[in-house]
Amino acid sequence: MTVVLRNVSKTFTARQNEPLTALQDISAEVSNGEFLCILGPSGCGKTTLLRMIGGLDHPTSGEIEVEGTPVTGPDPRLAMIFQEYSLYPWRTVRANVGFGLQMRGMPHEEREEIVTRFIGLVGLEGFGDSYPYELSGGMRQRVAVARALATDPAVLLMDEPFGALDAQTRNRMQKELLLIWEKTKKTVIFVTHSVDEAVYLADRIMVLSPRPGRIAGIYDVDIPRPRDRTSIEFAGLRRDVLELIDRLEDGQ
Amino acid sequence: MRWYLKVLPPFFLLLAWEVAAILINNSFILPTPASVAAVLLSPTADILGSGSIIDNALLSVWRVLLGFGLAVLCAVPIGIIIGRYRTVEELVNPIIQLLRPIPPLAWIPLALAWFKIGLLSIVFIIFIGSFFPILINSIDGVRRVNRTWIETAAIYGAKGWKLLAYVILPAAAPAIWTGLRVGFGIAWMCVVAAEMLPGTTSGIGYLIMYSYNWGQVQVIIAGMIVIGIIGIAVDILFREVEKRKFQWQEMNR
Ligand SMILES: Nc1ncnc2c1ncn2[C@@H]1O[C@H](COP(=O)(O)OP(=O)(O)OP(=O)(O)O)[C@@H](O)[C@H]1O
Ligand SMILES: [Mg+2]
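Protein chains in written order, with this note's numbering: chain A, -12 to 239; chain B, 14 to 266.
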């Protein structure tokens, strides 16, 4: 197992407010090379869960292990792609992609070759010397993907990376992400609140309930790739997941 | 706007000045533009045995560089520390809020008491004047660094000086730069005022004060023009660098 979550709970205790339980008793195992989608309504704790796996935050109780050892803080085995715009605007595309390697002390010459390779992998040849403000939203997220992959993590954590993109760009990015995933064989944990996106991408879908987030359902997606959004199986699974989410919301 | 429209207002100002000078007909109150221009056109000529306009202006610039440089060296690091650590901010904020509204010129008596008349008190006044704008902008710049940028760095293992050098400083640089620009403007005002103190014997502020004692109003006005030109030139310099280096800031989002 690459990632193991054991009874992970998170309660925020802000100074003035009463304690807020964001996540409750999440247990899951993600196997090597798996593409897991975490699906859930806004505020159910998806980002919190991902931040904890990435070592940016700590569970109130429970354990998180990656490749058999617990996560205690930011960890070279994990890379995260954020929901918000996270590129460094004062750095060129090349310098952004090389950022992780640079922070880990890799010398400039060594970085260059890797940077070129990953810029190519995400299809941004020729944009290496551009600045993020010269790129479209989709291109920016590609840079973020390249930056994450360049450090060769075992697990790629993605927090609604395509949430801000228009539908068309989003579909194209999904397709390309799958190609990259197939090439690099990374374990991916991908957060989204789009059922369509989850069914299109995932090997497995984990549905979280509204706050406090608990696991409300797990779906194995056996539809062969490339998936056809108009196929009967696709529509069937999407309907099942949507029904579960509707029931969860009514239950509130 | 067309260039000839832009030169119209200054042209009319000059014309009005000329007319007023002729009407008043008293060079101790308002000398003609021509007599001021004559002073400006020979900037290296000695004035009343006090040195030339250029020499005195350069001396003032040098004093500003000393006081301003010292302020930068102190205010930027302190600002970064305060902006970075909440507890430090809460500790020192009352002191800053207390000292900040005191005009730099109100420090003059204290400066004289401590350092006597001379370079040291002038530099001290300039230091005080530029310290706070630089400090406030540095604190603000560091505090406003996008949390996602810091967390991205954390994900890739950046801590300590690497985080500072590669993320916090570049992200706060535009705000710090604004602080430097504002701080320099105030420093320049301070030097001119400080040089007017009795006992000072050099500098552009001294020169125009001294010219007043001799009724040389054309030198006063010429000196004021030089002060203005240097102020604008430095400001333009700061803005040019801002435009080139921090272009990402405006384009961001
Ligand atoms: N640092 C924090 N302190 C206090 N409460 C927090 C903190 N971070 C998140 N929360 C709360 O925890 C809950 C879950 O937040 P989280 O950002 O994980 O949700 P999400 O599922 O990612 O939502 P979205 O889909 O809108 O991104 C929210 O109610 C949020 O207000
Ligand atoms: Mg979120």
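Virtual Cβ for every residue (Gly too), placed ideally from N, Cα, C.
Shell residues, 7 Å Cβ cut-off relative to heavy atoms of ligand 2
A:33, A:34, A:70, A:146, A:147 and A:178
I'd like to confirm the pairing. Which residues does DSSP put opposite residue 44 (chain B) in its beta bridges?
The residue you call residue 44 (chain B) lines up with position 31 of the second sequence. Residue 44 (chain B) is not bridged to any residue.
If the cut-off is 7 Å on Cβ atoms, which residues from the segment 204 to 233 of chain B count as contacting chain A, listed in chain order?
none
Taking the alpha-carbon positions, what's the residue 202 (chain A) to residue 232 (chain A) distance?
Here the question's residue 202 (chain A) lines up with position 215 in the first sequence. Here the question's residue 232 (chain A) lines up with position 245 in the first sequence. Cα to Cα, residue 202 (chain A) sits roughly 12 Å from residue 232 (chain A).
According to DSSP, what are the bridge partners of residue 206 (chain A)?
Translated into positions along the first sequence, residue 206 (chain A) becomes position 219. Answer by DSSP bridge pairing, in chain order: A:192.
If we define contact as Cβ-Cβ less than 8 Å, is residue 151 (chain A) a contact residue for chain B?
If you number the first sequence from 1, residue 151 (chain A) lands on position 164. No, residue 151 (chain A) lies away from the interface with chain B (no Cβ there is under 8 Å from its Cβ).
Does any heavy atom of ligand 1 sit closer than 7 Å to the C-beta of residue 31 (chain A)?
As a working note, residue 31 (chain A) is residue 44 in the first sequence. It does: the Cβ of residue 31 (chain A) is within 7 Å (strictly closer) of some heavy atom of ligand 1.
Excluding five sequence neighbours on each side, which residues of the same chain lie with their C-beta closer than 7 Å to the C-beta of residue 221 (chain A)?
Here residue 221 (chain A) corresponds to residue number 234 of the first sequence, with the count starting at 1. 186, 210, 214 and 215.
Straight-line gap, residue 236 (chain B) to residue 33 (chain B) (C-alpha atoms, nearest Å):
Within the second sequence, the letter at position 223 stands for residue 236 (chain B). Within the second sequence, the letter at position 20 stands for residue 33 (chain B). Computed Cα separation, rounded: 20 Å.
Any 3 or more C-beta pairs closer than 8 Å across the segment 207 to 223 of chain B and the segment 23 to 39 of chain B:
no
Buried or exposed by the 16-neighbour rule on C-beta atoms within 10 Å, applied to residue 89 (chain A)
Against the first sequence, residue 89 (chain A) aligns to sequence position 102. Label assigned to residue 89 (chain A): buried.
At 7 Å on the CB atoms, spell out the chain B contacts of residue 87 (chain A), in chain order.
As a position in the first sequence, residue 87 (chain A) is number 100, starting the count at 1. The contacting residues are 169.
Taking the C-alpha atoms as reference points, what is the distance between residue 20 (chain B) and residue 182 (chain B)?
Against the second sequence, residue 20 (chain B) aligns to sequence position 7. Against the second sequence, residue 182 (chain B) aligns to sequence position 169. Looking at the two C-alpha atoms, the distance is approximately 41 Å.
Continuous alpha helix (DSSP H) stretch holding residue 220 (chain B): start and end:
As a position in the second sequence, residue 220 (chain B) is number 207, starting the count at 1. From DSSP, the alpha helix (DSSP H) with residue 220 (chain B) extends over 217 to 226.
Test: residue 41 (chain A) CB closer than 8 Å to a CB of chain B:
Locating residue 41 (chain A) in the first sequence gives position 54, counting from the first residue. True, the Cβ-Cβ gap to chain B drops below 8 Å.
Rounded separation between residue 69 (chain B) and residue 119 (chain B) - CA only:
For the purposes of this step, residue 69 (chain B) is taken as the residue at position 56 of the second sequence. For the purposes of this step, residue 119 (chain B) is taken as the residue at position 106 of the second sequence. Cα to Cα, the separation comes out at about 25 Å.
With a threshold of 16 other CB atoms inside 10 Å of the CB of residue 190 (chain B), please say whether the residue is buried or exposed.
Residue mapping note: residue 190 (chain B) aligns to position 177 of the second sequence, counting from 1. The residue is buried, with at least 16 neighbouring Cβ atoms inside 10 Å.
Relative to the alpha-carbon of residue 223 (chain A), which residue among A:207, A:114 and A:173 has its alpha-carbon at the smallest distance?
Walking along the first sequence from the start, residue 223 (chain A) turns up at place 236. Looking at the Cα atoms, A:207 is the closest of the given residues.
Please determine, among B:122, B:197, B:108 and B:169, the residue with the shortest C-alpha to C-alpha distance to residue 140 (chain B).
Position 127 of the second sequence, counted from the first residue, corresponds to residue 140 (chain B). Considering only alpha carbons, the answer is B:197.
So which of A:-10, A:110, A:151 and A:180 has the shortest CA-CA distance to residue 32 (chain A)?
Within the first sequence, numbered from 1, the residue matching residue 32 (chain A) stands at position 45. Comparing Cα positions, the closest option is A:180.
So, does the CB of residue 175 (chain B) fall closer than 8 Å to a CB anywhere in chain A?
Taking the second sequence and counting its residues from 1, one reaches residue 175 (chain B) at position 162. At least one chain A Cβ lies under 8 Å of residue 175 (chain B).
Around the Cβ of residue 123 (chain A), are there at least 16 other Cβ atoms within 10 angstroms (buried) or fewer (exposed)?
By 1-based counting over the first sequence, the position of residue 123 (chain A) is 136. A residue is called buried once 16 or more other Cβ atoms fall within 10 Å of its Cβ, and residue 123 (chain A), having fewer, is exposed.
In whole angstroms, give me the CA-to-CA distance for residue 254 (chain B) and residue 12 (chain A).
Here residue 254 (chain B) is taken as the residue at index 241 of the second sequence, counted from 1. Here residue 12 (chain A) is taken as the residue at index 25 of the first sequence, counted from 1. Answer to the nearest angstrom: the Cα atoms are 54 Å apart.
Check this for me: beta carbons of residue 137 (chain A) and residue 105 (chain A), under 8 Å apart or not?
Numbered from 1 along the first sequence, position 150 holds the residue referred to as residue 137 (chain A). Numbered from 1 along the first sequence, position 118 holds the residue referred to as residue 105 (chain A). In this structure, residue 137 (chain A) sits near residue 105 (chain A), with a CB-CB distance shorter than 8 Å.
At a threshold of 7 Å, does residue 344 (chain B) count as lining ligand 1 (C-beta to nearest heavy atom)?
No answer is possible for residue 344 (chain B): it lies beyond the span of chain B, which begins at 14 and ends at 266.
Could you give the distance in angstroms between the alpha-carbon of residue 70 (chain A) and the alpha-carbon of residue 14 (chain B)?
In the first sequence, residue 70 (chain A) corresponds to position 83, counting from 1. In the second sequence, residue 14 (chain B) corresponds to position 1, counting from 1. Looking at the two C-alpha atoms, the distance is approximately 44 Å.
Would you tell me roughly how many angstroms separate the C-alpha atoms of residue 125 (chain B) and residue 256 (chain B), rounded to the nearest one?
Within the second sequence, the letter at position 112 stands for residue 125 (chain B). Within the second sequence, the letter at position 243 stands for residue 256 (chain B). Rounded to whole angstroms, residue 125 (chain B) to residue 256 (chain B) spans 40 Å at the Cα level.
What three-state label does DSSP hand residue 255 (chain B) in the structure shown?
Within the second sequence, residue 255 (chain B) is the residue found at index 242, counting from 1. Reduced to three states, the DSSP call for residue 255 (chain B) is helix.
By the three-class DSSP mapping on this structure, what secondary structure does residue 49 (chain A) have?
As a working mapping, residue 49 (chain A) is identified with position 62 in the first sequence. Of the three classes helix, strand and coil, the one that applies to residue 49 (chain A) here is strand, per DSSP.
Contact criterion: CB-CB distance below 8 Å. Does residue 56 (chain A) meet it with respect to chain B?
Along the first sequence, read from residue 1 onward, the residue named residue 56 (chain A) stands at position 69. Not a single C-beta of chain B is nearer than 8 Å to the C-beta of residue 56 (chain A).
At 7 Å on the CB atoms, spell out the chain B contacts of residue 61 (chain A), in chain order.
What you label residue 61 (chain A) is simply residue 74 of the first sequence in a count that begins at 1. Within chain B, the residues near residue 61 (chain A) are 167, 168 and 170.
Simplified DSSP state of residue 52 (chain B), which is helix, strand or coil
The residue you call residue 52 (chain B) lines up with position 39 of the second sequence. If DSSP states are grouped into helix, strand and coil, residue 52 (chain B) belongs with the helices.
Could you compute how far the alpha carbon of residue 77 (chain B) sits from the alpha carbon of residue 136 (chain B)?
Your numbering for residue 77 (chain B) matches position 64 in the second sequence. Your numbering for residue 136 (chain B) matches position 123 in the second sequence. Here the alpha carbon of residue 77 (chain B) sits roughly 7 Å from the alpha carbon of residue 136 (chain B).
DSSP-derived helix/strand/coil call for residue 171 (chain A):
Stepping through the first sequence from its first residue, residue 171 (chain A) is reached at position 184. Residue 171 (chain A) falls in the helix class under three-state DSSP.
Assuming the contact rule is C-beta atoms closer than 8 Å, residue 245 (chain B) and residue 205 (chain B) should be a hit. Round their C-beta distance to whole Å, please.
On the second sequence, position 232 is the one that residue 245 (chain B) refers to. On the second sequence, position 192 is the one that residue 205 (chain B) refers to. Residue 245 (chain B) to residue 205 (chain B), Cβ: 14 Å. No contact.
Helix or strand or just coil, what does DSSP make of residue 69 (chain A)?
Sequence index remark: in the first sequence, residue 69 (chain A) carries index 82 (1-based). Note: residue 69 (chain A) maps to coil in three-state DSSP.
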